[in-house]
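Everything on this sheet refers to the single structure shown next.
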Amino acid sequence: MMRWLRGMAPLALAGLIIVGALMFVRWFNAYEAPGDHWAPAAPVAHELARFSTDMGTPGDYRVQIEKLRSKFPLLFVEYQPPGPVLDAIVHSDDGIVRLDEQFADEGDYRISVQHVIHPGHREDIDFTVQTPLSKYFVDVALFALLLGGGYLSGRRLRALSMAAVALLLGGIACAPAAWAHGGHGQPVEALSAEDGELAIHWASGHAPRGPANRAPMDWRLKVLTHGHRVERAAYALDFVHLETGLPVLHLEGVTVNGEIPLHYSPPDGTDYQLFVRLIANGREHHLALEGAAEAIRPTPARQWASFLVLMTPALIGMAWGWKRGSAA
Amino acid sequence: MSKTMTQATTQATSMTRARPWVWLERALWLAWIPLVLYVVFFAPIPDIHDGMHPLRHSSTLVQCH
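Quick note, the sequences are listed as chains A and B, same order. Add 141 to the 1-based position in the first sequence for the numbering used here, that's all there is to it. Add 1426 to the 1-based position in the second sequence for the numbering used here, that's all there is to it.
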């Protein structure tokens, strides 16, 4: 009986690998294939994802994005804590509400789309933001490198007949301090931009300020012509990450009370440009204003957690190398 | 047998002579991984910090900025 079971082992192994491959393909496809509302179905962090939902009737829709839960924060650094991310108004002429958005990090999110005039006409959609595959790859590579390094150390230490245990080592790297990137978070001077007779100003009277990945910052713009607010002007807004020149948010709307309403927590602490294409008085205007979000710094607790997580494979490797004994 | 004894004695003598070096080597084998991790990921040295920026951003384990 036992022999028969052992004989079947290759078949069981083959079956397991085939099932595993199918599951992997399913999981892998989730990064590409579009879903009911997002493309890809589960947006990938740091990549622009496209959203659409059919609300049936044209009009102005308030769109809010909220983070509900972070993915296991010990292993997946939480840049954006749970809470609101975006509050904006999207105008739809065909009843379909669309926008493009890039997320700071993985986790569970909810997007709410609500008709401005009929608040009962509302849809809440929950979705998951995935970790980019390359990050898993780097994590696994780091793990393997540290395991290998630890193994080597363990063997050499055994060869040197070291009595102490390597576990004491965690304390060597003393309190790691954070370092901010230079040049970021500088106040931006321009308060308005003009194109012909049209001008945009920060609605709050000053350039947006505050940390990225925290409470949404006030990016509202007011649209003026000869000092008067421009009502119901159609606009397309690109929220451009200036380091890469790529948008992290794109939406289209119509000015409300002469304003472009936007509260947004951008995904990275750096400089941004709000690039607006506006149609007013039968002409298309191009206007841009710059603002900056401050980078958030890791806390000592976060750095210690990261350090200890990285030391774990090294210590396992060390114990393993120690057990295997000296190479000499 | 006496040959083995002599070898062992010689080895022990050389070990005693080289004691500081032996301890230094042990300490280095213990410390090099935490040191590398500290310098690469956590050290507040601007050039290294900025140079390693993409590496921190491409791992889920270490926070950047």
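No residue lacks a Cβ here, since even glycine has one placed at the ideal position from N, Cα and C.
Runs of the beta strand (DSSP E) spanning 3 or more residues and lying entirely within the region 385 to 452 of chain A occur at 387 to 395, 403 to 405, 412 to 421, 424 to 433, in chain order. Comparing C-alpha distances from Ser233(A) to each of Thr198(A), Trp168(A), Phe217(A), Tyr413(A) shows the shortest one belongs to Thr198(A).
Under the Cβ criterion of 7 Å, Val1488(B) is counted among the residues facing chain A. Contact between Ala353(A) and Asp409(A) holds: their C-beta atoms lie close to 6 Å from each other, under 8 Å. Counting C-beta pairs with one atom in each stretch, the region 187 to 198 of chain A and the region 260 to 270 of chain A have three or more that are closer than 8 Å, which means they touch. At a cut-off of 7 Å between beta carbons, Arg1452(B) contacts chain A. Every beta strand (DSSP E) of 3 residues or more that sits fully in the region 218 to 263 of chain A is shown, in chain order, as 224 to 233, 237 to 243, 248 to 256.
Excluding residues up to 5 positions away in sequence, Ala229, Ile230, Arg361 lie with their Cβ nearer than 7 Å to the Cβ of Pro402(A) in the same chain. Going by beta carbons, Val270(A) and Ser406(A) fall outside the 7 Å limit.
Contact between Ala377(A) and Arg418(A) holds: their C-beta atoms lie close to 5 Å from each other, under 8 Å. Within a 10 Å sphere around the beta-carbon of Asp177(A) sit fewer than 16 other beta-carbons, which makes this residue exposed. Chain B has a Cβ within less than 7 Å of the Cβ of Ala455(A). With a threshold of 7 Å between beta carbons, Ile1474(B) makes no contact with chain A. With fewer than three CB-CB distances shorter than 8 Å, the region 253 to 262 of chain A does not count as touching the region 420 to 437 of chain A. Residues of the region 434 to 467 of chain A with a Cβ closer than 7 Å to any Cβ of chain B, in chain order: Ala436, Ile437, Arg438, Pro439, Arg443, Gln444, Ser447, Phe448, Val450, Leu451, Met452, Ala455. For the pair Glu219(A) and Asp246(A), the Cα-to-Cα distance works out to about 7 Å.
At least one C-beta of chain B is nearer than 7 Å to the C-beta of Leu301(A). From the listed residues Ser345(A), Glu400(A), Arg147(A), the smallest Cα separation to Met358(A) is found for Ser345(A).
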